[in-house]
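Have a look at the structure below before the remarks.
In the working numbering, the protein residues as written are 37 to 280.
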């Protein structure tokens, strides 16, 4: 099985001494970076819905994209999901499992291993960036990511990514079972998805997988980090729900 995560907008660019691998779709990432290199501050403010300061930062990033140092994706990305993943706390054995079984869906790089060396960037999958293949990044990536995952995951995918990112994997092109995992908190007597908590839980679920190395879908019901427990009555064959 392969677990899928979303990337993060918050980055930690401090150097880390981790062996890096080459992203599978590096040429496509460079192609998109060249398109973004042509954008000015106002363009990025409108395209990515950014403040002026963030737009300036990302214009500078794409202007010098090829000159920037790379960092392994699992250590570059920060934010709620990656706080839950806590990659620095994994044992060498657990980290090796995660390298093989965790992938990150990326607007710029398509599909990443935790060890893939990438450059600081910002490009969400839902961005309407016109490109040679269409008006959006979904057009750009087409079936490319789905086909790559089909080769890597012979049984099924565990979807811990947001809808914005998992949307790039259409059922028709994926041809592979995908289990959605959701995390709910009780509020006023009702189970609700609270974004902040759910994001951290997605990362924690990937960490739990690395620590427990599940082999079947049934094994995944054992997740119990952050006080979440499997909720049978809120789950079905295609969606596992965890409640606290």
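We put the CB at the ideal spot given by N, CA and C, even for glycine. Computed from a predicted structure; not experimentally measured.
So what does DSSP say about residue i, is it helix, strand or coil?
i, result
"residue 225", "coil"
"residue 39", "strand"
"residue 252", "coil"
"residue 61", "coil"
"residue 95", "helix"
"residue 138", "strand"
"residue 174", "helix"
"residue 151", "coil"
"residue 122", "coil"
Report buried or exposed for residue i, applying the criterion of at least 16 other Cβ atoms within 10 angstroms of its Cβ.
i, result
"residue 84", "buried"
"residue 96", "exposed"
"residue 202", "buried"
"residue 222", "exposed"
"residue 53", "exposed"
"residue 164", "exposed"
"residue 120", "buried"
"residue 251", "exposed"
"residue 75", "buried"
"residue 143", "buried"
"residue 152", "buried"
Comparing alpha-carbon positions, which option in the options lies nearest residue i?
i, options, result
"residue 70", "99, 243, 273", "99"
"residue 150", "159, 143, 139", "139"
"residue 233", "191, 103, 116", "116"
"residue 56", "50, 106, 40, 64", "106"
"residue 196", "204, 159, 239", "239"
"residue 46", "79, 160, 136, 153", "160"
"residue 80", "272, 157, 103, 227", "157"
"residue 218", "129, 277, 127, 236", "277"
Roughly how many whole angstroms lie between the Cα atoms of residue i and residue j?
i, j, result
"residue 88", "residue 231", "26 Å"
"residue 132", "residue 179", "28 Å"
"residue 258", "residue 181", "29 Å"
"residue 42", "residue 177", "15 Å"
"residue 241", "residue 173", "27 Å"
"residue 243", "residue 261", "9 Å"
"residue 146", "residue 40", "12 Å"
"residue 109", "residue 135", "11 Å"
"residue 229", "residue 199", "13 Å"
"residue 188", "residue 224", "42 Å"
"residue 67", "residue 194", "29 Å"
Based on the DSSP output, what are the partners of residue i in its beta bridges?
i, result
"residue 214", "193"
"residue 54", "DSSP, once it has assigned bridges, lists no residue as partnering residue 54."
Given the structure, does residue i come close to the ligand PLP, in the sense that its CB is under 7 Å from one of the ligand's heavy atoms?
i, result
"residue 118", "With respect to the ligand PLP, the structure shown offers nothing to examine, as it has no ligands at all."
Between residue i and chain B, is there a C-beta pair that is closer than 8 Å?
i, result
"residue 178", "Absence of chain B from the displayed structure is noted, only one protein chain being present."
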